[in-house]
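Single-structure report; data block below.
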Amino acid sequence: MNKIVSIGLDAGSTTLKIVALDSAGEIVTTLIEPTHPLIEEQSERLIIQIKDEFGCDEGVVVATGYGRKLVKRATKSLTEISCHARGVWHEMKQPGTLVDIGGQDSKVIRIGEGGKAVDFMMNDKCAAGTGRFLENTAGRLQVSLDDLGPRALGAEKEEKISSTCTVFAESEIISLLAHGVGVDSILKGLHRSLISRIVAMIHTVGLVPPLMLSGGVAQNAAVRAILSEATGVDVILPERPQLMGALGAALVGLDLKKK
Ligand code: ADP
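Sequence positions in the sequence shown follow this note's numbering and run 56 to 314.
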């Protein structure tokens, strides 16, 4: 197996992601772990672990994500915006509009030729437009993360959720359940509510198709379907959407090695 020359580390608010590349830009290994409160120690441990396991003589580490400044071994640190744009460009090979929905923030990024972020908008103030919104409410409904999307898509009815705040949405759910409303109908309404916030951001930035999706929430089939329905365009996504920030960081690391 080839040795690692570049490690991209995305210290997200919910998960820490790593993509390690060899000198040809091929992926040697990847890793996803819940973000630890002590990011500095966690990133140190994981970098040492994969270097020991796969071999790495003079590799570079490029950090991104909200905890990037805490990655002490990083040769360079970059914003998630540029790293997501770079990673998605590498995988999809076309300009367009990228929606990244993570655990505690969401972004809409216009990707131009060459994978440059030409415009973007970010929401990291309101949980209702992020993965946390579905996670909290799914917890309340006792539905697993993997079942969220399929159950929302299979719902025969849709219950409108009027609360615009995660905390109030939870109270609203309790009240709906007490009135005998079905769990799947509530789930569909919750997905619609999340997507309405994302669509507002897309309109602010301007939709230039194709519409691409990244981040952990991209793995939710109902998010993909409802986003496509709400915008009227197809939604496409890379094979491993949650790893796009780490991949973009690793590709920047590879550029540094070649300089
Ligand atoms: P961050 O970079 O902000 O840490 P991620 O891009 O790693 O966030 O995404 C984390 C979010 O992805 C969480 O809110 C989680 O609920 C969601 N998620 C992860 N896996 C799945 C899945 N299989 N189905 C639906 N949502 C998922």
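In this text, a Cβ means the ideal position worked out from N, Cα and C, and glycines have one as well.
Item                                                                                                                                               : Value
If distances are taken between C-alpha atoms only, which option among L306, A276, K314 comes closest to A140?                                      : L306
My guess is that I94 and I73 are in contact by the Cβ rule of under 8 angstroms, so how many angstroms apart are they, rounded?                    : The Cβ separation is near 13 angstroms, so there is no contact.
Please report the straight-line C-alpha distance between L232 and R195, rounded to a whole angstrom.                                               : 11 angstroms
What does the alpha-carbon distance come out to for the pair H234 and E227?                                                                        : 11 angstroms
Quick one: which unbroken alpha helix (DSSP H) runs of 4-plus residues sit fully inside the region 69 to 145? Chain order, please.                 : 94 to 109
Measuring alpha carbon to alpha carbon, tell me which of G151, V117, V83 ends up nearest E135.                                                     : V117
V260 and M176: beta carbons closer than 8 angstroms?                                                                                               : yes
Can you tell me which of F109, K58, D107, K131 puts its alpha carbon nearest to the alpha carbon of D65?                                           : K131
Among residues of its own chain, excluding the 5 on either side of V163, which ones have a beta-carbon nearer than 6 angstroms to its beta-carbon? : V154, M176, M256, I257, V260
So if DSSP puts F175 in a beta bridge, which residue, or which two residues, is it bridged to?                                                     : I164
Where F109 and D77 are concerned, what is the direct C-alpha to C-alpha distance, given to the nearest angstrom?                                   : 10 angstroms
Nearest-angstrom Cα distance between E213 and Q297?                                                                                                : 28 angstroms
Short check: CB of V83 to CB of K312, under 8 angstroms?                                                                                           : no
Tell me whether the beta-carbon of G184 lies closer than 8 angstroms to the beta-carbon of T69.                                                    : no
Would you mind reading off the limits of the alpha helix (DSSP H) that contains I355?                                                              : What the structure shows of the chain is the stretch from 56 to 314, and residue 355 is not part of that stretch, so it cannot be assessed.
Confirm the yes/no value for this check: CB of V272, any heavy atom of ligand 1, distance under 7 angstroms.                                       : yes
Would you kindly work out how many angstroms separate the C-alpha atoms of E146 and E113, rounded to a whole number?                               : 26 angstroms
What are the partner residues of V154, as DSSP defines its beta bridges?                                                                           : V163, L268
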